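A short write-up of the structure that comes next.
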Amino acid sequence: MTILQRLTLTRPDDWHLHLRSGSLLRAVLPQTSACFARAIIMPNLQPPVVRTEQAQAYRREILAALPVGHAFQPLMTLYLTETTDPDDVRTGFLEGSVAAVKLYPAGATTHSDAGVHELERVYPVLAVMEEIGMPLLIHGEVVDPAVDIFDREAVFIETRLIPLRARFPALKVVFEHLTTRDGVDYVHACEHHTAASITPHHLAINRNALLAGGIRPHYYCLPVAKRETHRLALLEAATSGDRRFFMGSDSAPHPDHAKLSSCGCAGIFNAPNAIAVTAQLFEQEDALMHLEGFLSRNGADFYGLPRNTGTLTLERLEQAQPVPPALPLEQGCLSVFDPQIPVYWRVAD
Ligand code: NCD
Ligand code: ZN
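Residue numbering for the sequence shown is 1060 to 1408, as defined by our numbering.
Laid out in structure tokens, this is it:
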């Protein structure tokens, strides 16, 4: 196979990752730890990771599941509930056990039932986080059934996020898995303390992938993919070199049987090709010079963490690469994201 180009980057980080636990964790973790130095680990297990000691135990489980020779640092998060103890959050952050707190509006997505109904009830936690400089990671969707699912991000910004930021202006916020032009505009309009993660799948597909010509549950995730104009806004933001945007894969494994169902789960598994797909899209936008910022620098800078010292080499091949094969699981298998574009990039061995 002819290699046309090589690109060596500072080793990337994944700023939004679902690893699950048990056998599913063991199946998916090597896909991430083979390429990424660190990842922000989502806390939406069942039961959720609410207290620092649970995050510490989960971190030990992840480290125990690492393949020999993989150096990977899980950055743990706490799942914000209306009874979260501000002192536990403070201690967990200051001692380095947890990197951030995740806000799920109750009912917004997979395993979010224990999330927040009334934001006012978590103000004491947010006040502590603002004081100590701890990032709040926001799933930015309203859950009101009267709001159309395609509008839930835009409505969240107006009715929840803007008032919240007015109350806590110095709180560091990561707007997670941005999916709309409205979200991009919001981040652009913020002068301080604001960043956003963007997934490879929201850069690659719009809602037609999910709904046109047959319903394709493998493209169902939350927030749901939007129309093309929104994808283009995300692509523009990601490839612009603006340091407020960075890659969070939101790789969210659900066994195929749980997705291909009359009520399929939300979540796209992209850990095996997140980097290759992102490189392909940056190349198409003539923006490979900004790839390293998006994958390896912007997130660390926003979180106030050192940049990685290792590297990762990508190769651009003459021929498009097949979508990575589904992973075998204890029960069934796990399909990998198909970006619906030819991908000529791969991570070098
Ligand atoms: C995530 C999951 O499966 O845990 N699903 C998804 O569609 N992204 C939850 C989330 O991040 O919303
Ligand atoms: Zn997620």
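C-beta atoms are modelled at their ideal positions from N, C-alpha and C, and glycine is treated no differently.
This structure is a prediction, so every number in the text was calculated from the model and none was measured.
For P1276, there is no enclosing alpha helix (DSSP H), since its DSSP letter is neither H nor E. When the five nearest sequence neighbours on each side are left out, the beta carbons in the same chain lying within less than 6 Å of the beta carbon of R1097 are those of D1072, Q1132 and L1134, in order along the chain.
D1397 is classed as buried because its beta carbon has at least 16 other beta carbons within 10 Å across all chains shown.
A1330 places its beta carbon less than 7 Å from that of T1091. In this chain, the beta strand (DSSP E) harbouring H1075 covers D1072 to L1076. The beta carbons of T1298 and F1361 sit no closer together than 7 Å. Secondary structure remark: continuous beta strand (DSSP E) runs of at least 3 residues inside the segment 1166-1229, in chain order: 1195-1197. Take the alpha-carbon of L1270 and the one of L1066: they are about 35 Å apart. A distance below 7 Å separates the beta carbons of G1300 and H1349. D1309 has its CB nearer than 6 Å to a heavy atom of the ligand ZN. M1101 has its Cβ nearer than 6 Å to a heavy atom of the ligand ZN. Collapsing the DSSP output to three states places M1101 in coil. The secondary-structure analysis by DSSP pairs C1392 across a beta bridge with P1387. Per DSSP, E1287 is one residue of the alpha helix (DSSP H) stretching across E1287 to T1298. Taking non-hydrogen atoms of the ligand NCD into account, the C-beta of C1322 is found less than 6 Å away from none of them. If you draw a straight line from the Cα of A1325 to the Cα of A1167, it is about 11 Å long. For G1155 and R1149, the gap between their C-alpha atoms comes out near 10 Å. Relative to T1061, the option among C1392, E1377, P1383 and P1384 whose CA is nearest is E1377.
For C1094, the CB contacts under 7 Å within the same chain, skipping 5 residues up- and downstream, are P1071, I1334, L1371 and V1406 in chain order. Residue state for I1400 is assigned as coil, using DSSP reduced to three classes.
Relative to the ligand NCD, the beta carbon of L1376 is positioned no closer than 6 Å to any heavy atom. Taking the CA atoms as reference points, Q1064 sits about 12 Å from Q1339. In this structure Q1399 is exposed. Its beta-carbon is surrounded by fewer than 16 other beta-carbon atoms within 10 angstroms. A distance below 7 Å separates the beta carbons of L1195 and V1160. Relative to F1152, the option among R1110, I1197 and E1344 whose CA is nearest is R1110.
In the DSSP annotation of this structure, the continuous segment of the beta strand (DSSP E) that includes T1370 starts and ends at T1370 to Q1380.
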